[in-house]
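Per the numbering used here, residue 21 is the first one in the sequence shown, and the count goes up by one each step.
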Amino acid sequence: MRFVLVIDADHGTAADGGGTRAGKTERAILDATRELLAEGGVQRLTVEGVAARSGVAKTTIYRRWRSKDELALAVLLNIVEQIVELQDLGDTRAELIAFVNGAVEILGSTLMGRVMQGLVSDLATDPALGQAFRERVVSYRVSEMRRLVERGIERGDLRPDTDVDLLHEALFGPVYYRLLLSGGTLDSGLAARLVDAVLPAFAS
21 MRFVLVIDAD HGTAADGGGT RAGKTERAIL DATRELLAEG GVQRLTVEGV AARSGVAKTT
81 IYRRWRSKDE LALAVLLNIV EQIVELQDLG DTRAELIAFV NGAVEILGST LMGRVMQGLV
141 SDLATDPALG QAFRERVVSY RVSEMRRLVE RGIERGDLRP DTDVDLLHEA LFGPVYYRLL
201 LSGGTLDSGL AARLVDAVLP AFAS
(Lines of atoms letter the chains of each structure in order from A and count residues from 1; the text may use other names and numbers.)
(Lines give C-alpha, C1' and ligand atoms only; values in the text may rest on other atoms or scores of the structure.)
Protein backbone atom coordinates (compact mmCIF):
# COMPACT_ATOMS: atom_id res chain seq x y z
CA MET A 1 0.00 0.00 0.00
CA ARG A 2 1.25 3.49 -0.81
CA PHE A 3 0.23 7.08 -1.38
CA VAL A 4 -1.80 7.33 -4.58
CA LEU A 5 -3.47 10.12 -6.49
CA VAL A 6 -7.24 10.21 -6.61
CA ILE A 7 -7.04 11.33 -10.23
CA ASP A 8 -4.29 11.42 -12.82
CA ALA A 9 -1.99 14.22 -11.73
CA ASP A 10 -1.23 15.28 -15.30
CA HIS A 11 -4.78 15.50 -16.58
CA GLY A 12 -7.12 15.98 -13.61
CA THR A 13 -9.17 19.06 -12.92
CA ALA A 14 -8.96 21.41 -10.01
CA ALA A 15 -10.64 20.01 -6.92
CA ASP A 16 -12.37 23.25 -6.09
CA GLY A 17 -15.47 25.22 -6.49
CA GLY A 18 -18.29 22.79 -7.16
CA GLY A 19 -20.75 24.26 -9.61
CA THR A 20 -20.46 27.93 -8.64
CA ARG A 21 -19.44 30.51 -11.21
CA ALA A 22 -16.31 31.39 -9.24
CA GLY A 23 -15.47 27.72 -8.89
CA LYS A 24 -15.85 27.11 -12.62
CA THR A 25 -13.66 30.11 -13.39
CA GLU A 26 -10.95 28.89 -11.03
CA ARG A 27 -11.15 25.41 -12.49
CA ALA A 28 -10.76 26.79 -16.02
CA ILE A 29 -7.72 28.82 -14.95
CA LEU A 30 -6.00 25.93 -13.15
CA ASP A 31 -6.80 23.44 -15.91
CA ALA A 32 -5.29 25.81 -18.47
CA THR A 33 -2.24 26.31 -16.26
CA ARG A 34 -1.85 22.54 -15.87
CA GLU A 35 -2.02 22.01 -19.63
CA LEU A 36 0.53 24.74 -20.36
CA LEU A 37 2.88 23.44 -17.66
CA ALA A 38 2.71 19.99 -19.21
CA GLU A 39 3.50 21.46 -22.62
CA GLY A 40 6.32 23.82 -21.73
CA GLY A 41 7.12 23.84 -18.02
CA VAL A 42 7.26 26.82 -15.67
CA GLN A 43 9.77 28.73 -17.79
CA ARG A 44 7.41 28.98 -20.76
CA LEU A 45 4.28 29.58 -18.70
CA THR A 46 2.75 33.07 -18.95
CA VAL A 47 -0.36 34.65 -17.47
CA GLU A 48 -1.23 35.79 -20.99
CA GLY A 49 -1.10 32.20 -22.17
CA VAL A 50 -3.31 31.04 -19.31
CA ALA A 51 -5.81 33.78 -20.10
CA ALA A 52 -5.91 32.80 -23.77
CA ARG A 53 -6.22 29.07 -23.04
CA SER A 54 -8.84 29.44 -20.29
CA GLY A 55 -10.87 32.25 -21.81
CA VAL A 56 -10.61 34.17 -18.53
CA ALA A 57 -9.46 37.80 -18.48
CA LYS A 58 -5.97 38.55 -17.15
CA THR A 59 -7.44 40.98 -14.63
CA THR A 60 -9.52 38.17 -13.15
CA ILE A 61 -6.47 35.91 -12.91
CA TYR A 62 -4.37 38.62 -11.25
CA ARG A 63 -7.04 39.19 -8.61
CA ARG A 64 -6.31 35.68 -7.29
CA TRP A 65 -2.68 35.02 -8.28
CA ARG A 66 0.13 37.58 -8.40
CA SER A 67 2.27 35.82 -10.99
CA LYS A 68 2.80 32.75 -13.13
CA ASP A 69 4.76 31.21 -10.24
CA GLU A 70 1.73 31.46 -7.97
CA LEU A 71 -0.35 29.79 -10.68
CA ALA A 72 2.19 26.98 -10.96
CA LEU A 73 2.23 26.58 -7.17
CA ALA A 74 -1.58 26.42 -7.16
CA VAL A 75 -1.42 23.48 -9.57
CA LEU A 76 1.22 21.80 -7.40
CA LEU A 77 -0.92 22.27 -4.30
CA ASN A 78 -3.91 20.83 -6.13
CA ILE A 79 -1.88 17.70 -6.85
CA VAL A 80 -0.78 17.42 -3.20
CA GLU A 81 -4.37 17.78 -1.97
CA GLN A 82 -5.38 14.74 -4.03
CA ILE A 83 -2.97 12.38 -2.27
CA VAL A 84 -4.65 9.71 -0.18
CA GLU A 85 -3.30 9.29 3.35
CA LEU A 86 -1.11 6.23 3.93
CA GLN A 87 -2.80 3.63 6.12
CA ASP A 88 -1.34 1.72 9.07
CA LEU A 89 0.53 -1.25 7.56
CA GLY A 90 1.58 -2.72 10.90
CA ASP A 91 5.27 -2.46 9.95
CA THR A 92 7.35 0.70 10.33
CA ARG A 93 9.88 -0.13 7.60
CA ALA A 94 7.10 -0.91 5.12
CA GLU A 95 5.28 2.33 5.97
CA LEU A 96 8.42 4.43 5.54
CA ILE A 97 9.18 2.79 2.19
CA ALA A 98 5.61 3.39 1.01
CA PHE A 99 5.78 7.00 2.18
CA VAL A 100 9.04 7.76 0.39
CA ASN A 101 8.05 5.77 -2.68
CA GLY A 102 4.87 7.81 -3.02
CA ALA A 103 7.00 10.95 -3.38
CA VAL A 104 9.42 9.21 -5.75
CA GLU A 105 6.58 8.15 -8.04
CA ILE A 106 4.79 11.50 -8.00
CA LEU A 107 7.95 13.55 -8.55
CA GLY A 108 9.34 11.18 -11.15
CA SER A 109 6.30 10.46 -13.27
CA THR A 110 3.81 13.33 -12.96
CA LEU A 111 3.69 17.06 -13.58
CA MET A 112 4.66 17.75 -9.97
CA GLY A 113 8.34 17.04 -10.63
CA ARG A 114 8.50 19.51 -13.52
CA VAL A 115 6.72 22.17 -11.49
CA MET A 116 9.16 21.71 -8.60
CA GLN A 117 12.14 22.03 -10.95
CA GLY A 118 10.75 25.26 -12.36
CA LEU A 119 9.82 26.81 -9.02
CA VAL A 120 12.83 25.94 -6.88
CA SER A 121 14.70 29.26 -7.20
CA ASP A 122 11.57 31.36 -6.68
CA LEU A 123 10.57 29.33 -3.62
CA ALA A 124 13.89 30.37 -2.10
CA THR A 125 13.72 34.07 -3.05
CA ASP A 126 9.99 34.94 -2.91
CA PRO A 127 8.97 35.00 0.79
CA ALA A 128 5.23 34.69 0.16
CA LEU A 129 5.64 31.88 -2.35
CA GLY A 130 8.08 30.04 -0.10
CA GLN A 131 5.81 30.39 2.92
CA ALA A 132 2.81 29.03 1.00
CA PHE A 133 4.86 26.04 -0.13
CA ARG A 134 6.15 25.30 3.36
CA GLU A 135 2.73 25.65 4.98
CA ARG A 136 0.79 23.56 2.47
CA VAL A 137 3.32 21.07 1.10
CA VAL A 138 6.22 20.63 3.53
CA SER A 139 4.05 20.83 6.66
CA TYR A 140 1.68 18.25 5.21
CA ARG A 141 4.54 15.83 4.56
CA VAL A 142 6.05 16.37 8.01
CA SER A 143 2.68 15.81 9.72
CA GLU A 144 2.36 12.50 7.89
CA MET A 145 5.89 11.56 8.95
CA ARG A 146 5.00 12.43 12.55
CA ARG A 147 2.09 9.97 12.45
CA LEU A 148 4.35 7.26 11.08
CA VAL A 149 6.95 7.94 13.77
CA GLU A 150 4.35 7.85 16.54
CA ARG A 151 3.18 4.43 15.35
CA GLY A 152 6.78 3.25 15.09
CA ILE A 153 7.48 4.33 18.66
CA GLU A 154 4.34 2.58 19.91
CA ARG A 155 5.49 -0.64 18.21
CA GLY A 156 8.95 -0.34 19.72
CA ASP A 157 10.57 0.02 16.29
CA LEU A 158 11.79 3.60 16.77
CA ARG A 159 13.48 5.38 19.65
CA PRO A 160 11.14 7.51 21.80
CA ASP A 161 13.35 10.55 21.13
CA THR A 162 13.21 10.18 17.34
CA ASP A 163 13.62 13.59 15.66
CA VAL A 164 10.75 13.71 13.15
CA ASP A 165 12.17 16.61 11.15
CA LEU A 166 15.61 15.01 10.91
CA LEU A 167 14.18 11.66 9.81
CA HIS A 168 12.04 13.41 7.20
CA GLU A 169 15.03 15.36 5.87
CA ALA A 170 17.28 12.29 5.84
CA LEU A 171 14.79 10.31 3.76
CA PHE A 172 13.51 12.98 1.38
CA GLY A 173 16.66 15.07 0.98
CA PRO A 174 18.25 12.55 -1.43
CA VAL A 175 15.03 12.42 -3.47
CA TYR A 176 15.02 16.18 -4.02
CA TYR A 177 18.79 16.18 -4.59
CA ARG A 178 18.30 13.79 -7.50
CA LEU A 179 15.31 15.70 -8.85
CA LEU A 180 16.80 19.19 -8.62
CA LEU A 181 20.60 18.86 -8.68
CA SER A 182 22.24 15.62 -9.73
CA GLY A 183 19.73 14.42 -12.31
CA GLY A 184 19.92 10.96 -10.78
CA THR A 185 17.21 8.42 -11.52
CA LEU A 186 14.15 8.26 -9.29
CA ASP A 187 13.93 4.51 -9.67
CA SER A 188 11.52 2.03 -8.11
CA GLY A 189 14.06 0.70 -5.62
CA LEU A 190 15.24 4.07 -4.33
CA ALA A 191 12.78 4.29 -1.43
CA ALA A 192 13.78 0.91 0.03
CA ARG A 193 17.48 1.72 -0.27
CA LEU A 194 17.02 5.05 1.49
CA VAL A 195 14.95 3.58 4.31
CA ASP A 196 17.40 0.73 4.86
CA ALA A 197 20.30 3.20 5.00
CA VAL A 198 18.59 5.66 7.36
CA LEU A 199 16.33 3.56 9.60
CA PRO A 200 19.10 1.94 11.72
CA ALA A 201 20.08 5.39 13.04
CA PHE A 202 16.60 5.83 14.52
CA ALA A 203 15.78 2.23 15.48
CA SER A 204 15.19 1.38 19.13
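Built from N, CA and C at the ideal position, the CB exists for glycine as well.
From A92 to V158, what does the alpha carbon distance come to, in whole angstroms? Spanning the alpha carbons of A92 and V158 requires a straight line of approximately 16 Å.
Option in V135, Y82 and I126 with minimal Cα separation from A211: I126
Under the three-state DSSP convention, the category A77 falls into: coil
From the DSSP output, read off the bridge partner residues of A223. In DSSP, A223 forms a bridge with L178.
Less than 8 Å between the C-beta atoms of W85 and A71, yes or no? No, these two residues do not count as a Cβ contact at 8 Å.
According to DSSP, is D146 helix, strand or coil? coil
Whole-angstrom distance between P147 and E46, CA atom to CA atom: 24 Å
Quick one: what does DSSP say T205 is sitting in, helix, strand or coil? coil
Nonlocal neighbours in the same chain, by C-beta distance under 7 Å from L57, ignoring five residues either side: Around L57: L65, A92, V95, L131, R134 and V135.
For V124, name the three-state secondary structure that DSSP assigns. In this structure, V124 counts as helix in the three-state DSSP scheme.
Does the ligand MG have a heavy atom nearer than 7 Å to the CB of G204? Inclusion of the ligand MG in the displayed structure is not the case, the ligand content being empty and no account of it being possible.
Nearest to V124 by alpha carbon, out of G209, I173, S141 and L219? G209
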